[in-house]
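Asker: In our numbering, the protein residues as written are 1 to 367.
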Amino acid sequence: MTTLFDPIHFGDIAAANRIVMAPLTRDRAGPDQVPTPLMATYYEQRATAGLIVTEGTQISAEGQGYLDTPGIYSAAQIAGWKKVTDAVHAKGGKIVVQLWHVGRISHLSLLPPGLQPVSSTATRAKGKTFTAQGFEDVSEPRALRTDEIPRLIADYRQAARNAIEAGFDGVEVHGANGYLLEQFMRDSINDRTDAYGGSRENRARLVVEVMTAIVDEIGAGRTGIRLSPVTPANDAGPDSDPQATYELIVEKLATLKLAFIHVVEGATGGPRDVAPFDFAALRARFKQGHPQGAWIVNNGYTREMAIEAVASGAADMVAFGKHFISNPDLVERLKRDAPLAQPNRQTFYGGGAEGYTDYPPMELAPA
Ligand code: 8OZ
Numbered sequence: 001m002t003t004l005f006d007p008i009h010f011g012d013i014a015a016a017n018r019i020v021m022a023p024l025t026r027d028r029a030g031p032d033q034v035p036t037p038l039m040a041t042y043y044e045q046r047a048t049a050g051l052i053v054t055e056g057t058q059i060s061a062e063g064q065g066y067l068d069t070p071g072i073y074s075a076a077q078i079a080g081w082k083k084v085t086d087a088v089h090a091k092g093g094k095i096v097v098q099l100w101h102v103g104r105i106s107h108l109s110l111l112p113p114g115l116q117p118v119s120s121t122a123t124r125a126k127g128k129t130f131t132a133q134g135f136e137d138v139s140e141p142r143a144l145r146t147d148e149i150p151r152l153i154a155d156y157r158q159a160a161r162n163a164i165e166a167g168f169d170g171v172e173v174h175g176a177n178g179y180l181l182e183q184f185m186r187d188s189i190n191d192r193t194d195a196y197g198g199s200r201e202n203r204a205r206l207v208v209e210v211m212t213a214i215v216d217e218i219g220a221g222r223t224g225i226r227l228s229p230v231t232p233a234n235d236a237g238p239d240s241d242p243q244a245t246y247e248l249i250v251e252k253l254a255t256l257k258l259a260f261i262h263v264v265e266g267a268t269g270g271p272r273d274v275a276p277f278d279f280a281a282l283r284a285r286f287k288q289g290h291p292q293g294a295w296i297v298n299n300g301y302t303r304e305m306a307i308e309a310v311a312s313g314a315a316d317m318v319a320f321g322k323h324f325i326s327n328p329d330l331v332e333r334l335k336r337d338a339p340l341a342q343p344n345r346q347t348f349y350g351g352g353a354e355g356y357t358d359y360p361p362m363e364l365a366p367a
């Protein structure tokens, strides 16, 4: 029987176990959104995860929506990330970068002069983002013109190329949590009348074109995506039929033979039962004809739930977020069923080493 602690080979990635470090925004990038040596230390400390998914990393200056999040569109950013991937690989870990475009969840003060947040819609989201001034309402977006979509897809393609140059084992496209790609998927947000809005087929078009371009650029074996069919995060109102919409998206993505799909079950970082959704049906769509693709699940998993999910075949891998913040050696702790340290929320976003690289591994923790 397969266990949570067994190795797994999916796509081109061979992972030592089935425990994934979930993407976690920590807002500690340096000037010009360059990853710092402290970030390399943080990821290196967590390299015993079977797979690390980095924090959301913007594919372009336009894709940034929070203060001090890293990018992967400049030479300096690529060089900064190379230090991160080298550190993780030296410890035997695997790491993919989460490619992020926030769409309308942004603020004018975070964008280069003259740029406005872009989305599927010109309707402003109800919500706040974190800027140099603290929490501020997000800015009004403009709807992307149809003739701009090829440029957007080219930005994703280039970011994937940059990821490989930076030494990543692959990429996870951020298709979740109310950001740009989800702003196209859901009919609660997307009010377009072109080929990228309206029907379910049209709303699936952008994400499928983005994933097709990335697969063409770096190969399917290094490409995955994160989806959150029912999350209300970032003013993402429920789709009128999430089951049908996401099954169509996953069915199309399955034909690309992606390395993995990573799903947020329920409300991101919140209740798992926020809305009815048949995740097993979604998994079946992905696995059909492509059984070697990894199905990664996330959101509120306990040790027991994770062990059961892998043992039953409901999931190939399980991602943990908050537990990885305060337990760099989470894999070892789960193996031994050791107590888990609790993270300090005050140091989640921004700052330095405190609450970031100073959580000790088990041996050094006070008894
Ligand atoms: C928390 C704070 C800022 C961004 C997400 C990238 O929800 C995020 C995020 C989370 O996917």
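Glycine included, C-beta positions come from ideal geometry on N, C-alpha and C.
Give the straight-line distance between the Cα atoms of Gly197 and Leu282, rounded to the nearest whole angstrom.
Answerer: When rounded, the distance between both Cα atoms is 22 Å.
Asker: Considering only the beta carbon of each residue, do Ala15 and Lys128 sit closer than 9 Å?
Answerer: Cβ atoms of Ala15 and Lys128: not closer than 9 Å.
Asker: Let's see if you can read the secondary structure: which residues bound the alpha helix (DSSP H) around Asp137?
Answerer: No alpha helix (DSSP H) holds Asp137; the beta strand (DSSP E) holding it covers Gly134 to Asp137.
Asker: Determine the extent of the alpha helix (DSSP H) in which Val250 is found, giving its start and end residues.
Answerer: Run containing Val250: Pro242 to Ala254, per the alpha helix (DSSP H) assignment.
Asker: Any chance you could list the beta strand (DSSP E) runs of at least 3 consecutive residues sitting entirely within the region 163 to 222, in chain order?
Answerer: Within the region 163 to 222, the complete beta strand (DSSP E) runs of at least 3 residues are 170 to 175.
Asker: So if DSSP puts Trp81 in a beta bridge, which residue, or which two residues, is it bridged to?
Answerer: According to DSSP, Trp81 bridges with nothing at all.
Asker: Can you check which of these residues, Thr25, Thr54, Leu108 and Ser199, is closest to Glu62 by C-alpha distance?
Answerer: Among Thr25, Thr54, Leu108 and Ser199, the Cα nearest to that of Glu62 is on Leu108.
Asker: Taking 8 Å as the cut-off, does the CB of Pro23 come closer than this to any heavy atom belonging to the ligand 8OZ?
Answerer: It does: the Cβ of Pro23 is within 8 Å (strictly closer) of some heavy atom of the ligand 8OZ.
Asker: Which residues bound the beta strand (DSSP E) around Glu55?
Answerer: Start and end: Leu51 to Gln58.
Asker: Take Val375 and list the residues in its own chain whose beta-carbon comes closer than 6 Å to its own, dropping the five residues that flank it on each side.
Answerer: In the structure as shown, the chain begins at 1 and stops at 367. Residue 375 is therefore absent and cannot be evaluated.
Asker: Provide the residue span of the beta strand (DSSP E) that contains Met362, from first to last.
Answerer: Taken as a continuous stretch (DSSP letters only), Met362 belongs to no beta strand (DSSP E), as it is neither H nor E.
Asker: Please list, in chain order, all residues of the same chain as Ser326 whose beta carbon is under 8 Å from its beta carbon, the five residues on each side excluded.
Answerer: Excluding residues within five positions, the ones whose Cβ falls inside 8 Å are Leu340, Ala341, Gln342, Pro343, Asn344 and Tyr359.
Asker: Can you look up Ile105 in the DSSP assignment and give me helix, strand or coil?
Answerer: It is coil, neither helix nor strand.
Asker: Would the beta-carbon of Thr268 be found less than 8 Å away from any heavy atom of the ligand 8OZ?
Answerer: Yes.
Asker: Which same chain residues, not among the five before or five after Arg285, have their C-beta less than 8 Å away from its C-beta?
Answerer: The answer, listed in chain order, is Glu247, Val250, Glu251 and Ala254.
Asker: Is it the case that the CB of Glu55 approaches a heavy atom of the ligand 8OZ more closely than 8 Å?
Answerer: Glu55: yes, Cβ under 8 Å from the ligand 8OZ.
Asker: Report the start-end ranges of each beta strand (DSSP E) in the region 243 to 319 that is 3 residues or longer and not cut off at the edges.
Answerer: Whole beta strand (DSSP E) segments, 3+ residues: 260 to 264 and 294 to 298.
Asker: Determine the DSSP secondary structure at Val230, reduced to helix, strand or coil.
Answerer: DSSP places Val230 in coil when its eight states are reduced to three.
Asker: Taking buried to mean at least 16 other C-beta atoms within 10 Å of its own C-beta, is Asp273 buried or exposed?
Answerer: Looking at its Cβ environment, which holds fewer than 16 other Cβ atoms inside 10 Å, Asp273 is exposed.
Asker: For Lys126, count neighbouring C-beta atoms within 10 Å of its own C-beta (all shown protein chains included) and say buried if the count is 16 or more, exposed if not.
Answerer: Looking at its Cβ environment, which holds fewer than 16 other Cβ atoms inside 10 Å, Lys126 is exposed.
Asker: Mind checking who Val97 pairs with in its DSSP beta bridge?
Answerer: Note: Val97 sits in a beta bridge opposite Val171.
Asker: When the Cα of Phe135 is compared with those of Gly65, Gln77 and Pro37, which residue comes out closest?
Answerer: Looking at the Cα atoms, Gly65 is the closest of the given residues.
Asker: Does at least one heavy atom of the ligand 8OZ sit under 8 Å from the Cβ of His174?
Answerer: Yes; taking the cut-off as 8 Å, the Cβ of His174 has a heavy atom of the ligand 8OZ nearer than that.
Asker: Which residue from Arg222, Pro141 and Gly300 puts its Cα closest to that of His323?
Answerer: Checking every option, the nearest Cα to that of His323 belongs to Gly300.
Asker: What residues match up with Asp128 in a beta bridge as DSSP calls it?
Answerer: The residue you asked about is not Asp; residue 128 is Lys in the sequence shown. In the DSSP output, where bridge partners are listed per residue, Lys128 has Asp137.
Asker: So, helix, strand or coil for Met1, using DSSP?
Answerer: Met1: coil per DSSP, three-state reduction.
Asker: For Ile52, which residues of its own chain have a beta-carbon under 8 Å away from its beta-carbon, when the five flanking residues on both sides are left out?
Answerer: So the qualifying residues of the chain are Val20, Met21, Tyr43, Arg46, Val88, Gly93, Lys94, Ile95 and Val96.
Asker: Between Glu66 and the ligand 8OZ, is there a pair consisting of the residue's CB and a ligand heavy atom that are separated by less than 8 Å?
Answerer: Glu is not the amino acid found at residue 66; the sequence shown has Tyr there. Under cutoff, so the answer is yes.
Asker: Please go through the same chain and pick out, in chain order, the residues whose beta-carbon is closer than 6 Å to the beta-carbon of Thr41, but skip the five residues on each side of it.
Answerer: Answer for Thr41: Thr357, listed in chain order.
Asker: On a Cα-Cα basis, can you pick out the residue from Glu55, Thr123 and Val138 that is closest to Phe130?
Answerer: Ranking Glu55, Thr123 and Val138 by Cα distance to Phe130 puts Val138 first.
Asker: Helix, strand or coil, according to DSSP, for Gly63 in the structure here?
Answerer: Here Gly63 sits in helix by DSSP.
Asker: If contact is defined by three or more beta carbon pairs under 8 Å, each pair taking one atom from either stretch, is the region 219 to 239 in contact with the region 178 to 189?
Answerer: They touch, by the three-pair rule.
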